[in-house]
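Undergrad: Chains as they are written, first to last, in the working numbering: chain A, 24 to 379; chain B, 389 to 747; chain C, 2 to 387.
Cβ coordinates follow ideal geometry from the N, Cα and C atoms, glycine included.
Got a structure here, written out as structure tokens. Questions coming.
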């Protein structure tokens with residue numbers, strides 16, 4: 024497993040992005056939460072929230088990370104910044120100052136340095152801003168704490184950031200309660216961008232917003248990416264949004280990565296039956312009747328008690344005997360297209376074009 | 389079934405909330421027609437009044453909300469063949485909120501499914517006992533019959549092992565299974581109208597697809613009307629026969645499902661449709677990133693009473709002196725396609741005269 | 002929640018539209034405490050109660066000047082004197098400045114109990130800023146000026162609320178008693194505050210074994226019956242201790258239970274706040290743990306601390322009253338409302354001179370006012386809740 028993972032990015036670099044290199048790369052990333060029972064808090068099992076997940080994000084691109092609730096996508100995003108300490112695995116990041124470092128092994132000081140360049144925006148525009156601090160304090164917090172700016176310079180930088188995300192600099196003395204959900208999300212974005220990072224983990228940044236506001240924030244994210252040369256990991260459950268914003272898409276199911284491919288390829292010719300079902304399930308704003316719809320049986324498996332073999336086999340429409348016993352490997356099917364399925368090469372699955 | 393059959397009709401409904409801070413005109417003159425066997429989709433962003441409209445139909449508007457005017461006509465016997473009961477036309481707005489009449493209608497004739505399946509079920513009682521209670525409340529059946537019917541309903545909504553699930557507590561079921569159980573409960577008395585308020589919003593897409601599929605099948609089996617409320621235009625496209633688009637307490641456009649997507653007339657509907665990311669874009673896109681269309685500004689706060697059309701501050705086709713002065717009338721711009729917008733007024737002169745009449 | 006819904010929570014209907022224009026920017030720039038205050042101001046009852054309490058504390062602080070007599074002075078021959086009625090019309094029906102009649106001690110012809118008979122010819126006008134019993138104001142400045150009273154060496158002394166069984170002025174004693182009774186709660190919550198914040202903070206922040214130990218201690222403490230434990234501890238205080246030491250020992254005893262509630266609140270809030278997105282954001286911003294606790298988490302539950310503390314104040318006042326009434330808390334010569342009520346232990350006193358019960362309504366009002374203020378604070382405490 025590990026050996027194969029090591030080569031993942033190299034192939035990609037050689038075949039597709041000659042000039043580019045991966046900015047972030049994980050190898051067999053794992054996060055297991057212990058399940059404790061009883062008075063003595065004995066560990067009776069583990070929730071395998073993230074289980075041997077390997078992927079990379081190229082500099083300047085957007086990697087969409089999709090999956091249903093409980094699939095581990097948010098945990099994966101948080102592990103990257105070590106907001107959650109991973110159980111095991113490697114997280115390599117190309118820091119402009121420290122060079123290529125494994126975030127899982129950094130000491131506190133180095134971690135603070137790395138977090139200047141790796142930032143995060145949150146799903147809930149209300150919970151993610153401290154209601155008791157003004158915008159100046161909120162957006163200025165990373166600048167101050169990281170020792171980047173203070174005093175007048177801090178105010179100037181905050182004003183600049185607010186302007187960048189489409190808020191008026193005069194607002195900096197206001198508290199978050201003066202703003203709507205969409206505006207608060209802009210504040211969160213300004214805070215994330217304040218130290219001029221290279222990489223942004225966007226954790227469902229538009230899920231809590233109304234459709235019209237969602238479009239404003241998505242556009243803003245795209246503009247900023249071009250302007251500042253940002254790299255995004257865009258975590259979301261909404262496939263349409265992910266399709267819109269991502270260069271490549273990674274699909275997770277019960278803590279495992281099941282498929283990764285460039286966006287168009289993934290949506291037109293998926294290689295994993297789960298991806299196919301997921302795409303088929305999206306309700307689409309198109310009233311013409313669909314020819315074919317793939318409905319899955321049953322429910323998402325529990326990451327505390329996953330099924331044997333391929334985790335998806337109890338719901339899979341193409342299940343064979345081998346799927347029940349042997350876990351498939353995460354293999355490259357075609358250049359840049361990886362899938363974790365025993366039958367990935369033999370199945371002809373439907374993409375969005377054929378499903379429509 | 390003929391097209392002019394109607395099961396319920398909402399006429400100029402106004403439901404206001406009198407809070408210390410002011411009056412929230414949550415529903416401000418809504419007209420809807422619900423037909424048996426058909427699904428009416430009600431779509432809009434948060435705060436447009438779609439949920440309050442549904443609660444008004446059930447007479448479940450929470451205090452300090454009140455129905456201030458309009459009618460909700462329920463044609464009780466539309467499915468019965470006897471001509472004698474034709475007089476059974478009830479104006480739900482005239483019933484007392486907790487009267488025997490409304491309770492007889494609620495659950496029995498009109499049922500509701502909410503977004504949060506857990507909220508519709510008591511956590512301390514088994515799924516079966518709650519369904520049985522709904523049955524025995526409206527039907528004169530024995531305990532054993534009610535239980536059999538409950539198991540039958542659970543089977544109808546495709547729950548595995550219904551005879552076991554009937555004795556389960558809600559927390560023992562997953563989100564999708566719970567929503568199925570809630571639907572079973574809502575359908576246990578063969579309602580003529582099912583109101584579904586964002587029934588799949590809390591669910592994952594694969595589960596959502598299952599539930600939507602189930603609802604379509606059950607609708608065909610029972611020939612019931614569904615009022616389907618959602619913010620998701622994709623879900624609307626899958627479920628609805630007719631669509632009403634709401635903005636700030638008013639229906640701004642109403643027509644059949646094809647017209648709304650292919651030929652939207654109201655600037656709000658047009659903008660809404662353009663602002664959602666389209667999955668089909670991936671097929672045609674060639675490296676170049678596309679920006680989404682946006683609606684400028686944001687939904688104004690609920691206390692503001694805007695003069696003229698509620699959408700005028702955000703509208704790309706804003707006509708000064710008209711849109712910010714005159715409330716647009718309901719216009720049948722095309723056959724069976726109504727819209728509340730000055731753009732479709734017969735002539736600008738007429739709009740002008742109307743404005744003068746108002747002043 | 003839209004901004005105006007939020008705005009509306011602070012300014013009433015009708016005001017709303019105007020307020021929006023006038024106060025909009027002020028509102029947007031209002032911090033936590035400003036918002037709490039605006040919300041608190043809308044709670045009428047709490048505001049009135051706050052004002053009443055302010056009067057109570059004012060009276061207690063300036064007790065020497067405001068009370069007409071020395072609370073220790075025994076008026077010979079005027080034991081258990083009923084409250085002196087204040088008149089503005091004399092026997093001839095003429096109006097005059099407020100005055101009282103002098104009284105003579107006599108005997109009830111039926112019961113032979115000593116009574117005080119008003120003499121309509123002896124008229125003593127009530128004056129402001131009169132000279133009376135000498136005292137040292139706040140123990141510093143010697144003076145003998147009182148706010149009101151009757152002037153002259155042999156003038157009839159005024160007893161607004163009567164005198165007790167050994168001839169001391171009840172009103173003056175209530176004024177002085179307020180010093181102890183109203184402050185014992187404050188000192189008590191100060192101790193509770195320190196203990197609760199410290200132990201709750203340790204418990205919530207470190208977790209693990211320390212948390213377990215502290216939580217078990219709290220559980221054990223809260224299962225103990227409160228009054229008997231207080232009584233046992235109070236009874237163990239050596240009688241020969243000076244008044245001041247007894248006073249502090251009593252507050253300590255009273256705050257034994259006070260801190261447990263607060264510690265639980267602090268721990269619970271710490272645990273839940275650690276999971277908040279904005280705390281994670283602060284951590285990612287590079288803020289130190291100390292900054293996160295002090296700048297991000299503490300302000301988040303400061304209002305809850307205040308609620309918990311105002312909530313435990315009435316209990317402490319009642320506790321002092323109860324203990325002193327039973328004679329195991331404070332004792333004479335200390336003056337507190339509870340000590341004053343020791344006289345009410347004698348049924349004869351209650352039956353014949355019911356005015357010695359005046360501390361009861363005073364305690365009731367004080368406790369009620371604290372509860373109302375607590376209610377108002379509870380409603381206003383979290384202005385960010387939807």
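With a threshold of 8 Å between beta carbons, is residue 27/C in contact with chain A?
TA: Answer no: the Cβ-Cβ gap between residue 27/C and chain A never drops below 8 Å.
Undergrad: To the nearest angstrom, how far is it from the Cα of residue 351/A to the Cα of residue 68/A?
TA: For residue 351/A and residue 68/A, the distance between alpha carbons rounds to 23 Å.
Undergrad: Pick from 241/C, 88/C, 231/C and 247/C: whose alpha carbon is nearest that of residue 255/C?
TA: The candidate whose alpha carbon is nearest that of residue 255/C is 231/C.
Undergrad: Which complete alpha helix (DSSP H) runs does the region 80 to 106 of chain A hold, if anything under 4 residues is left out?
TA: Listed in chain order, they are 96 to 103.
Undergrad: Could you please give me the residues that DSSP links to residue 644/B through a beta bridge?
TA: Residue 644/B is bridged to 630/B.
Undergrad: Go through its chain and collect everything with a Cβ distance to residue 90/C's Cβ below 7 Å, but skip five positions before and after it.
TA: Cβ within range, chain order: 96.
Undergrad: Pick helix, strand or coil for residue 690/B, following the three-state DSSP scheme.
TA: Residue 690/B falls in the coil class under three-state DSSP.
Undergrad: Rounded to a whole number of angstroms, what is the C-alpha to C-alpha distance between residue 523/B and residue 451/B?
TA: The alpha-carbon atoms of residue 523/B and residue 451/B are separated by roughly 28 Å.
Undergrad: Applying the 10 Å Cβ sphere with the 16-neighbour rule, what's the burial state of residue 287/A?
TA: Burial call: buried.
Undergrad: Under the three-state reduction of DSSP, which class applies to residue 399/B: helix, strand or coil?
TA: Looking at residue 399/B - three-state DSSP - the assignment turns out to be strand.
Undergrad: For residue 33/C, would you say it is in contact with chain A, using Cβ-to-Cβ distances shorter than 8 Å as the test?
TA: By this cut-off, residue 33/C is an interface position.
Undergrad: Taking the straight line between their C-alpha atoms, what separation do you get for residue 439/B and residue 502/B?
TA: Residue 439/B and residue 502/B: Cα-Cα distance of roughly 10 Å.
Undergrad: Taking CB distances under 8 Å as the criterion, tell me whether residue 267/A reaches chain B.
TA: With 8 Å as the cut-off, residue 267/A counts as an interface residue toward chain B.
Undergrad: Within 8 Å, do at least three Cβ pairs link the region 256 to 267 of chain A to the region 170 to 180 of chain A?
TA: No: fewer than three Cβ pairs fall under 8 Å.
Undergrad: Smallest Cα separation from residue 369/B: which of 237/A, 226/A and 365/A?
TA: There is simply no residue 369/B to check, as chain B begins at 389 and stops at 747 in what is shown.
Undergrad: State the beta-bridge partners of residue 234/A as determined by DSSP.
TA: Paired residue(s): none; residue 234/A is not in a bridge.
Undergrad: Which bits of chain C does residue 152/A rub up against, with CB to CB less than 9 Å?
TA: Residues of chain C passing the Cβ test: 278, 279 and 282.
Undergrad: Quick test of your reading: residue 591/B and residue 607/B, contact by CB under 8 Å. State the CB separation rounded to the nearest angstrom.
TA: Contact flag wrong, Cβ pair sits at about 18 Å.
Undergrad: Consult DSSP for residue 581/B and reduce its assignment to one of helix, strand or coil.
TA: Reduced to three states, the DSSP call for residue 581/B is strand.
Undergrad: Just the Cα atoms here: how many angstroms apart are residue 312/C and residue 384/C?
TA: Each residue's alpha carbon lies about 19 Å from the other.
Undergrad: Which bits of chain A does residue 360/C rub up against, with CB to CB less than 7 Å?
TA: Correct list: empty, because the minimum Cβ distance to chain A is about 42 Å.
Undergrad: Classify residue 611/B as buried or exposed, calling it buried when 16 or more other Cβ atoms lie within 10 Å of its own Cβ.
TA: Per the 10 Å Cβ criterion, exposed.
Undergrad: I'd like to check one pair, residue 623/B with residue 656/B: are the Cβ atoms closer than 8 Å?
TA: Not in contact: residue 656/B and residue 623/B (Cβ atoms no closer than 8 Å).
Undergrad: Give me the Cα-Cα distance between residue 458/B and residue 447/B, rounded to the nearest whole angstrom.
TA: Taking the straight line from one Cα to the other gives about 13 Å.
Undergrad: With a CB to CB cut of under 8 Å and the five nearest residues on each side skipped, what residues in its chain are close to residue 22/C?
TA: Note that residue 22/C scores a pLDDT of 47, beneath 50, so its modelled location is shaky; the value from the coordinates is reported in the next line. Result list for residue 22/C: empty, nothing under 8 Å.
Undergrad: Based on the DSSP output, what are the partners of residue 91/C in its beta bridges?
TA: Looking at the DSSP assignment, residue 91/C forms no beta bridge with any residue, so it has no partner.
Undergrad: Since residue 290/C meets chain A, which of its residues come closer than 9 Å, beta carbon to beta carbon?
TA: Correct list: empty, because the minimum Cβ distance to chain A is about 11 Å.
Undergrad: Considering only their Cβ atoms, is the gap separating residue 144/A from residue 228/A smaller than 8 Å?
TA: For residue 228/A and residue 144/A, yes; Cβs fall inside 8 Å.
Undergrad: Check whether the Cβ of residue 306/A lies closer than 8 Å to any Cβ atom in chain B.
TA: Yes, its Cβ sits closer than 8 Å to a Cβ of chain B.
Undergrad: List the whole-angstrom C-beta distance separating residue 161/A from residue 224/A, where the pair is believed to meet the contact cut-off of C-beta under 8 Å.
TA: Not confirmed; about 18 Å, so no contact.
Undergrad: Applying the criterion that 16 or more other CB atoms from any shown protein chain within 10 Å of the CB defines a buried residue, is residue 243/A buried or exposed?
TA: Residue 243/A should be labelled buried.
Undergrad: Output the distance between the C-alpha atoms of residue 321/A and residue 261/C, rounded to the nearest integer angstrom.
TA: Roughly 48 Å between the two C-alpha positions.
Undergrad: Would residue 214/A and residue 301/C qualify as a contact pair, given that the criterion is a beta-carbon distance under 8 Å?
TA: No, the pair does not count as a contact, with Cβ atoms beyond the cut-off.
Undergrad: Report the neighbours of residue 310/A on chain B: residues whose CB is nearer than 7 Å to its CB, in chain order.
TA: In chain order: 625, 645, 646 and 649.
Undergrad: Output the boundary residues of the alpha helix (DSSP H) element that contains residue 299/A.
TA: It spans 296 to 304 - the alpha helix (DSSP H) in which residue 299/A sits, taken as one unbroken run.
Undergrad: Report back the beta-carbon spacing between residue 47/A and residue 222/A to the nearest angstrom; my notes put them in contact at under 8 Å.
TA: At roughly 6 Å, the Cβ-Cβ gap stays under 8 Å, so residue 47/A and residue 222/A are in contact.
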